[in-house]
Amino acid sequence: MVRFPSLGSFHPDLGTAFGRYYRKTTILGVISLIRLGYACISVKLKNNPNKKTTVAQINKLEPQARLKKLRQVLQTNFFNLMDLLAYNVDNRIFLYRLPSEFVPLATHPVAAEWDWAKEFAWDFQKTGEFIRNNGIRMTAHPGHFSILNSEKPSVVEATIADFSYHAKVFDLLGLDDNSVLVTHVGGVFEDKASSLDRFAANFERLPEHVKRRLVVENDDTSFTMLDVLGLCERIGVPMVFDMHHHQCHSDGEDWKEYLPRIIQTWGKRTPKMHMSSPKSAKEFRAHADNIDPDEFIAFVSALADYHVDIVLECKNKDDALLSLRHHLKKRGLEVEAFASAP
């Protein structure tokens, strides 16, 4: 069973209704409504909810030993997730990307007879209560092997299964549609137009519980902001704008001119964006360890009057987020929206 922190782990300035109340904070005289988060792993904590086992390891075991191993890994991930979420709340971090490997081998045939959803129903319920009570927004980013616009039917089927697994986890946690699954368009293959058409066609094959969570992000090599924005408007899903990817791959358009359209794709949901700094001029596509504060200030200054959640995709994970806060505070700047009394 999951270990739950005491009420003392709830941040005294935030209470348990963070998701409903925000206060406007200023940055360089510009109003912003920003929440920051990080992806998957805390570098500050010893243990994280990404423990896994391999097919090769499982295949060496007898059937009962296989189930025992899978259960042990998932139980450990629940323990570690609760520790991480409590740590996040203590540090006023209310946006977090769940590792895809949270449920070990969830879509692999080797675990087909394991009803993990039923066995861990209580754990999902109680973890979900903690998430909702603290206003934490959970997201996921299925791996690069999940390619919805693939030309290979087997890859598309595996992708649908992977998306369905991620959506099922969020459903079991009782999370609303702000808990999204981020994907890229995929490969260009023969040409962009037909590849975008194939994504749109395969999107219609997705189960409804996946459709309502799927969002699409511009990437750094194949599909630009405008490619993805057009696709999202066409099939009716939100677009995740990645600033670094846009810097790597665009046709020279100014992203700020398209910001209202990007925000509009989210409807009543809170828009989500990604930001990272390039590692170097030579390795521009690679993510740096931390966020450049000047780049961040320029980015969020353009988001005036928008309430946006931003995942920082840095090698230093949560430490990069806390370091950015520290640098901004030294400049007398506050950019995040925290809860306040109604």
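Just add 86 to wherever you are in the sequence shown, counting from 1, and you've got my numbering. Glycine residues also receive a C-beta, built at the ideal position from the N, C-alpha and C atoms.
Which residues DSSP lists as bridging residue i, in chain order
i    : result
I396 : L122 and M359
H270 : E303
L181 : R223
E422 : I120
P195 : For P195, which the question treats as bridged, DSSP gives no partner whatsoever.
P149 : For P149, which the question treats as bridged, DSSP gives no partner whatsoever.
P135 : In the DSSP output, where bridge partners are listed per residue, P135 has none listed.
Exposure of residue i, with buried meaning 16 or more beta-carbon neighbours within 10 Å
i    : result
K354 : exposed
W208 : exposed
E422 : buried
E148 : exposed
A197 : buried
S265 : buried
H412 : exposed
D201 : exposed
H34  : No statement about residue 34 is possible, as the shown extent of the chain runs from 87 to 428 and does not include it.
R299 : buried
E369 : exposed
E339 : exposed
V326 : buried
R417 : exposed
N163 : buried
G272 : buried
N304 : buried
Short Cβ contact (9 Å threshold) for residue i with residue j
i    : j    : result
P135 : L184 : yes
K297 : P324 : no
F285 : L317 : yes
S308 : H270 : yes
D328 : M361 : yes
I120 : V301 : no
G214 : V397 : no
K401 : D375 : yes
L153 : E199 : yes
D306 : H330 : yes
Y344 : L389 : no
K342 : A125 : no
H227 : S281 : no
I377 : L410 : yes
S222 : V175 : Note on residue identity: the sequence assigns Ile, not Ser, to residue 222. Yes; because the gap between Cβ atoms is below 9 Å, this pair is in contact.
K155 : A203 : no
S232 : F249 : yes
V429 : N288 : Given that the chain is displayed from residue 87 to residue 428, the structure contains no residue 429 and the question cannot be resolved.
L234 : T245 : yes
T356 : H332 : no
L414 : F385 : no
L407 : I179 : yes
K130 : Y173 : yes
9 Å Cβ cutoff, residue i in contact with chain B
i    : result
P239 : Looking at the structure shown, chain B is missing, and only one protein chain is on hand.
Every unbroken alpha helix (DSSP H) within the stretch 280 to 353, with a cutoff of 4 residues, ordered by chain: 294 to 297, 311 to 321, 329 to 334 and 345 to 350
Count the CB pairs spanning the stretch 216 to 233 and the stretch 258 to 273 that are closer than 8 Å, and state whether there are at least three. yes
Between the stretch 134 to 141 and the stretch 182 to 195, do three or more beta carbon pairs fall short of 8 Å? yes
Along the chain, which unbroken stretches of the alpha helix (DSSP H) at least 4 residues long are found entirely within the stretch 211 to 271? Secondary structure remark: continuous alpha helix (DSSP H) runs of at least 4 residues inside the stretch 211 to 271, in chain order: 239 to 258.
Counting Cβ pairs, one atom from each stretch, are 3 or more of them under 8 Å apart for the stretch 292 to 301 and the stretch 334 to 348? no
Taking 8 Å as the cut-off, does the stretch 151 to 169 touch the stretch 124 to 134 (at least 3 CB pairs, one atom from each stretch)? yes
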